[in-house]
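The listed protein sequences correspond, in order, to chains U and X. Under my numbering, think of the first position of the first sequence as 553, with each following residue one higher. Under my numbering, think of the first position of the second sequence as -19, with each following residue one higher. This report concerns only the one structure given below.
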Amino acid sequence: KQEVTQIPAALSVPEGENLVLNCSFTDSAIYNLQWFRQDPGKGLTSLLLIQSSQREQTSGRLNASLDKSSGRSTLYIAASQPGDSATYLCAARGLNYGGSQGNLIFGKGTKLSVKP
Amino acid sequence: EPEVTQTPSHQVTQMGQEVILRCVPISNHLYFYWYRQILGQKVEFLVSFYNNEISEKSEIFDDQFSVERPDGSNFTLKIRSTKLEDSAMYFCASSEARGGPSYEQYFGPGTRLTVT
Chain U
553 KQEVTQIPAA
563 LSVPEGENLV
573 LNCSFTDSAI
583 YNLQWFRQDP
593 GKGLTSLLLI
603 QSSQREQTSG
613 RLNASLDKSS
623 GRSTLYIAAS
633 QPGDSATYLC
643 AARGLNYGGS
653 QGNLIFGKGT
663 KLSVKP
Chain X
-19 EPEVTQTPSH
-9 QVTQMGQEVI
1 LRCVPISNHL
11 YFYWYRQILG
21 QKVEFLVSFY
31 NNEISEKSEI
41 FDDQFSVERP
51 DGSNFTLKIR
61 STKLEDSAMY
71 FCASSEARGG
81 PSYEQYFGPG
91 TRLTVT
């Protein structure tokens, strides 16, 4: 059964710092991995989706990498801003479960706080 | 930009009552999902829906739950007899296709269900 873990649970950094959020998954047979942002009491905003055949995806100041063999993904945020403060979730969709339409298995998230 | 919408944003109900949560997926999407997030816990998959039938469901999605696409735009989740432990944020999501980049799931803002 797939388990997704995110470390650390919380992270506080000063504005302008580059940072890395970590996501690990136990079953390397994933179809893709998706990173989301969640603001308090709000829905999930999709940030990046990495297919299993890709090693990284970039969107603006965000870069997500995927290493299936080690069961890891990272989300790199460059030049962090106070507006980046939110909880960041990663979610994996597997090949061996979830069917062809597939469901996402989520980590618990990393709560990021960027101090001005 | 097209988005998934959900109504109501907050629903309070008494234990044993029926509730219907409503979602309008993105118009050209074909795959629909419900997830829930109990306060402080991970986002959990409930059910996926395609071509007017359930394609997959989790252990959480028991006989008390049902889904329906009553018309060409709405997607609903019904809980027949609510329990205290059904209190959670319920998220609807949709995706255009079953694979590739178009698999990316887009989430609505959620409905907070409080069962008293």
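Ideal placement from N, C-alpha and C gives every residue a C-beta, glycine not left out.
In chain order, what residues of the same chain lie with their CB nearer than 7 Å to the CB of residue i, ignoring the 5 residues before and after it?
i: U/Glu567; result: Ser632, Gln633, Pro634, Val666, Lys667, Pro668
i: U/Phe658; result: Val556, Leu641, Ala643
i: U/Thr597; result: Phe588, Arg589
i: X/Tyr83; result: Ser75, Ala77
i: U/Ser637; result: Leu664, Ser665, Val666
i: X/His9; result: Ser74, Ser75, Glu76
i: X/Val(-8); result: Thr94, Thr96
Span of the beta strand (DSSP E) holding residue i?
i: U/Ile559; result: 556 to 559
i: U/Lys663; result: 662 to 667
i: X/Tyr83; result: It is not in any beta strand (DSSP E) - X/Tyr83 carries neither H nor E in the DSSP assignment.
i: X/Ile97; result: One cannot answer for residue 97 of chain X here, as it falls past the ends of chain X, which runs -19 to 96.
i: U/Thr626; result: 624 to 629
i: X/Thr(-13); result: -15 to -13
i: X/Phe55; result: 55 to 59
i: X/Lys37; result: 33 to 37
i: X/Glu48; result: 45 to 48
So what's residue i in DSSP terms, helix, strand or just coil?
i: U/Gly635; result: helix
i: X/Glu65; result: helix
i: U/Gly646; result: strand
i: X/Ile0; result: strand
i: X/Val27; result: strand
i: U/Leu656; result: coil
i: X/Leu93; result: strand
i: X/Phe41; result: coil
i: X/Leu10; result: coil
i: X/Gln(-9); result: strand
i: X/Leu19; result: coil
i: U/Gly651; result: Interpretation of U/Gly651 is limited by its pLDDT of 48, a score under 50 that renders its predicted location unreliable; the figure taken from the coordinates is listed afterwards. Coil at U/Gly651, not helix or strand.
i: U/Ser621; result: coil
Which whole-angstrom value describes the C-beta separation of residue i and residue j, a residue pair presumed to lie in contact below a C-beta threshold of 8 Å?
i: X/Tyr11; j: X/Phe71; result: No, X/Tyr11 and X/Phe71 are not in contact; Cβ-Cβ is about 14 Å, not under 8 Å.
i: X/Cys3; j: X/Thr62; result: Going by Cβ atoms, the distance from X/Cys3 to X/Thr62 rounds to 18 Å, so no, they are not a contact pair.
i: U/Ile602; j: U/Asn584; result: 6 Å
i: X/Val23; j: X/Asp66; result: Their Cβ separation, rounded to whole angstroms, is 15 Å, which puts X/Val23 and X/Asp66 out of contact at 8 Å.
i: X/Val47; j: X/Ile34; result: 7 Å
i: X/Val(-16); j: X/Gly88; result: 4 Å
i: U/Ser580; j: U/Ser621; result: 6 Å
i: X/Ser7; j: X/Phe25; result: 23 Å between Cβ atoms; not a contact.
i: X/Tyr30; j: X/Ala73; result: Contact doesn't hold; Cβ gap of about 13 Å is too wide.
i: U/Ile629; j: U/Arg613; result: 6 Å
Can you list, in chain order, the residues of its chain with a C-beta nearer than 8 Å to that of residue i? Leave out the 5 residues immediately preceding and following it.
i: U/Ser652; result: Note that U/Ser652 scores a pLDDT of 46, beneath 50, so its modelled location is shaky; the value from the coordinates is reported in the next line. Once the five neighbours on either side are set aside, U/Ser652 has no close Cβ partner at all.
i: U/Val565; result: Leu571, Ser632, Leu664, Ser665, Val666, Lys667
i: X/Asn32; result: Arg49
By Cβ distance, which residues of its chain are closer than 6 Å to residue i, with the 5 residues on each side in sequence left out?
i: X/Ser53; result: Val4
i: U/Leu656; result: Ala643, Arg645
i: U/Ala562; result: Lys663
i: X/His(-10); result: Arg92
i: U/Gln624; result: First, the residue type needs correcting, since residue 624 of chain U is Arg and not Gln in the sequence shown. Excluding positions up to five away in sequence, the list reads Ser576.
Would you mind listing the beta strand (DSSP E) stretches within the segment 557 to 619 of chain U that are 3+ residues and don't spill past its ends, in chain order?
562 to 566, 571 to 577, 582 to 590, 596 to 603, 608 to 611, 614 to 619
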